[in-house]
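Chemist:
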Amino acid sequence: MILLKNISKSFSGKVIFDDASLQINLGENYILTGPNGSGKTTLLMIIKNLYLIDKGSFLIDSNLLDQSSISYISKKNRSFFMRLSVRQNIEFFYNLCTNKNKLKISEVYSMIKKFDLFHYLDEEFMALSSGQAQKISIIRGLMKNPTLTLFDESFSSLDASSIEVFKQIYDDHINKHFSNSTIWVTHNRSEIDFKNKKYLKIFNGKIHSEE
Amino acid sequence: MEKFIVKSNFDYIKAVLKKDFILSTKYKLQLTISYLSVLIYIFTIFNFSKAVSLAEANEANLFLNNPFLFLISGYMIIDITITILNIITSQINFYQTSGMFEEMMLIDNQKLFYISSFIFPFILWFIRNLFYLIVSIYFFNLDMVILLNSKNIIILTISFISIILFLFGISFLAASFTIVFKRGNPIIILGSLFTTIFSGAIYPINVLTPNLQLISNLIPTTHFLNQIRLFLSGHALELDNAFFYLLISSIFLFIIGLNVFFYSIIYSKKTGKAYTY
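Just so you know, the sequences run in chain order A and B. Residue 175 in my numbering sits at position 174 of the first sequence, with consecutive numbering throughout. Residue 1673 in my numbering sits at position 232 of the second sequence, with consecutive numbering throughout.
Below is the structure:
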């Protein structure tokens, strides 16, 4: 469980969160919406410890979860070493992942195969299209076998059939345990088709639950 | 029509010039130091010529006895200083400009990641400098006498590890500056210049005024250079005050540098500055 209690966060005087609270229960999937600039990405980055809160408390139940079992998959699909091959990038990030539950490398390659990218493995990363790079970015996020996965508009460059493939990959490799959870930042609620869905909306510096 | 094109091109060039000027004024410290460095280079050349013109040959003066060895060892120290000082900063610059910094911050075990980033450039430095020595010995008759005994080897090894730790510390300080201020790194420039002018890399520190010699003695590199030159000239190394100063100050600076670096990451996570360039 993750508990954000009365948190405040501002950047250069601009208030993003003001006394906001949120409880994330493991085993549930959250869809996070809100207007541009409302703080959706900021919230994910706080949970992943990429931003620190100004006030309030941020608690993680360390018996169930730690930072190494949380994955953040951003919409940036160019955050790779462009002059290394896809395989070299994958192996680099795989070897630097310390999560003891991380997937076997064979499973990672199996995901690449399902995304129909196997024949690109020895291409330089810069040769990939935006959608292909996004798929590799998703695989990088999933390779640590996260308990909680934060998706930040991660499907923005993916076509409908690739999203279906992703769902298959997620169910086959990651979603095997009752405690697996996701948080999705999206402007298209219909692309998220998971059980135990809950809706969250950020508005005016607060996080609201929606039906 | 022609008049319009000329004016249009003029406006174009003016816009580029204005953009460059405004950006350069955002990094005033960088700009100032780049101009100050002119004075420092002149100071270095002046002191070098002063050392060359010293008439009285002193047996203990490593410079006058073997100027080639003196300068080669000095150059190697300047080379390793510039190499190590730039490692983390150039990587962070690369990650920031390529939009990868956020991803690199997600990597587990950050300390090990950054410390292991030193290894490859260090190996390159080592091979390059070994090559310098081999070429100097076999093609330019570098006169070198080494006293290989266990005491010398132990003292030199500890001194070498110390100087590497010292440079890692400064490198982490420089990287902290880059994380917080993005561009314009006076720590790298100052580190390189201090090594060049005060550590005795190009000329012996005794050509400096007594006050400046005090600064020289505060820099751990000065003591390491002295030891490596003594070692390569066949002298026995001693466990003297200079050795212990080098050891303690290097460990101290490494710890300071590492902590400031991780504090700068915390600061940038608070301000949100880490992921923009």
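Beta carbons are placed, not taken as given, at the ideal position from N, Cα and C, and that holds for glycine.
In the segment 1545-1557 of chain B, which residues sit with their C-beta less than 7 Å from some C-beta in chain A, listed in chain order?
Modeler: Correct list: M1546, L1547, I1548, D1549, N1550 and F1554.
Chemist: With a 10 Å radius around its C-beta and 16 neighbouring C-beta atoms as the bar for buried, classify P1645 (chain B) as buried or exposed.
Modeler: buried
Chemist: Taking only runs that begin and end inside the segment 62-114 of chain A, name each unbroken alpha helix (DSSP H) of 4 or more residues, in chain order.
Modeler: 87-96
Chemist: Helix, strand or coil: which one does DSSP assign to L143 (chain A)?
Modeler: helix
Chemist: Give a yes or no on whether 9 Å exceeds the smallest Cβ distance from T1750 (chain B) to chain A.
Modeler: Any answer about residue 1750 (chain B) is impossible in this case: the structure gives chain B only from 1442 up to 1718.
Chemist: Please report whether the beta-carbon of S1683 (chain B) lies at a distance below 9 Å from any beta-carbon of chain A.
Modeler: Per the sequence shown, residue 1683 (chain B) should be read as Ala rather than Ser. So, not an interface residue.
Chemist: Where does E1500 (chain B) land, buried or exposed, given buried means 16+ other C-beta within 10 angstroms?
Modeler: In this prediction, E1500 (chain B) has a pLDDT of 44, which is less than 50 and means its spatial position is unreliable; what the coordinates show is noted afterwards. The residue in question, E1500 (chain B), is exposed, as its Cβ has fewer than 16 Cβ neighbours within 10 Å.
Chemist: What do you reckon, are the CB atoms on I1528 (chain B) and S1577 (chain B) nearer than 9 Å?
Modeler: Their beta carbons are not under 9 Å apart, which means I1528 (chain B) does not touch S1577 (chain B) by this criterion.
Chemist: Pick helix, strand or coil for T1420 (chain B), following the three-state DSSP scheme.
Modeler: Because residue 1420 (chain B) is not part of the residues shown, which for chain B are 1442 to 1718, the question remains open.
Chemist: Starting from H1664 (chain B), trace the alpha helix (DSSP H) both ways and give me its first and last residue.
Modeler: P1661 to L1673
Chemist: Measuring CB to CB, does S72 (chain A) end up less than 9 Å from K145 (chain A)?
Modeler: yes
Chemist: Does the distance from the C-beta atom of K76 (chain A) to that of D153 (chain A) stay below 9 Å?
Modeler: yes
Chemist: Report the rounded CA-to-CA distance for I1486 (chain B) versus F1462 (chain B), giving the unit in angstroms.
Modeler: 31 Å
Chemist: Give the interface partners of R79 (chain A) over in chain B, defined as CB-CB distance under 7 Å, in chain order.
Modeler: G1540
Chemist: Alpha carbon to alpha carbon, how far is M112 (chain A) from K1710 (chain B)?
Modeler: 32 Å
Chemist: To which residues does DSSP link W185 (chain A) through a beta bridge?
Modeler: A:I32 and A:F152
Chemist: What whole-angstrom Cβ distance do S155 (chain A) and I139 (chain A) have, given they're in contact under 8 Å?
Modeler: Approximately 6 Å separates the beta-carbon atoms of S155 (chain A) and I139 (chain A); this is inside 8 Å, confirming the contact.
Chemist: Just reading off the alpha helix (DSSP H) that D1520 (chain B) is part of, what are its end residues?
Modeler: P1508 to T1538
Chemist: Within 9 Å (strictly less), CB to CB, does Y1405 (chain B) reach chain A?
Modeler: The shown model of chain B, from 1442 to 1718, leaves out residue 1405 (chain B), and the question about it has no answer.
Chemist: For I1707 (chain B), which residues in chain A fall below 8 Å Cβ to Cβ?
Modeler: L53
Chemist: If I measure Cβ to Cβ from A1496 (chain B) and keep anything under 7 Å in the same chain, skipping five residues before and after, which residues do I get?
Modeler: Caution applies to A1496 (chain B), whose pLDDT of 48 falls short of 50 and renders its modelled position unreliable; the model cannot decide the point.
Chemist: Of all Cβ atoms in chain A, is any one closer than 9 Å to the Cβ of E1679 (chain B)?
Modeler: no
Chemist: Note down the Cα distance separating Y200 (chain A) from V186 (chain A), rounded to an integer number of angstroms.
Modeler: 10 Å
Chemist: Ends of the alpha helix (DSSP H) at E211 (chain A)?
Modeler: Secondary structure note for E211 (chain A): it is in no alpha helix (DSSP H), and the uninterrupted beta strand (DSSP E) holding it is K207 to E211.
Chemist: Just reading off the alpha helix (DSSP H) that I1638 (chain B) is part of, what are its end residues?
Modeler: P1627 to F1639
Chemist: Can you tell me whether A161 (chain A) is helix, strand or coil according to DSSP?
Modeler: Helix at A161 (chain A).
Chemist: Say yes only if the C-beta of S1690 (chain B) is nearer than 8 Å to one or more non-hydrogen atoms of the ligand FAD, and no if none qualify.
Modeler: The ligand content of the structure shown is nil, which means the ligand FAD is not present either.
Chemist: Determine the burial state of P1661 (chain B): buried for a count of at least 16 other Cβ atoms within 10 Å of its Cβ, exposed for fewer.
Modeler: buried
Chemist: Does Y73 (chain A) get closer than 9 Å to chain B when you measure Cβ to Cβ?
Modeler: yes
Chemist: Which residue marks the beginning of the alpha helix (DSSP H) containing Y121 (chain A), and which one marks its end?
Modeler: Segment: none, Y121 (chain A) is in no alpha helix (DSSP H) and carries neither H nor E.
Chemist: Whose C-beta lies closer than 7 Å to the C-beta of L1666 (chain B) among residues of the same chain, with five residues either side of it excluded?
Modeler: S1514, G1515, I1518, S1640, G1641 and A1642
Chemist: Please report the straight-line C-alpha distance between S13 (chain A) and S39 (chain A), rounded to a whole angstrom.
Modeler: 15 Å
Chemist: Name the two residues that bound the continuous alpha helix (DSSP H) containing Y1704 (chain B).
Modeler: N1682 to T1712
Chemist: In whole angstroms, what separates the C-alpha of S1612 (chain B) from that of N7 (chain A)?
Modeler: 39 Å
Chemist: For chain B, is any of its Cβ atoms less than 9 Å away from the one on M127 (chain A)?
Modeler: no
Chemist: For I134 (chain A), which residues of its own chain have a beta-carbon under 8 Å away from its beta-carbon, when the five flanking residues on both sides are left out?
Modeler: Checking the sequence, you will find Ala at residue 134 (chain A) rather than Ile. Closer than 8 Å at the Cβ level, and outside the excluded window around A134 (chain A), lie N78, R79, F81, F126 and S158.
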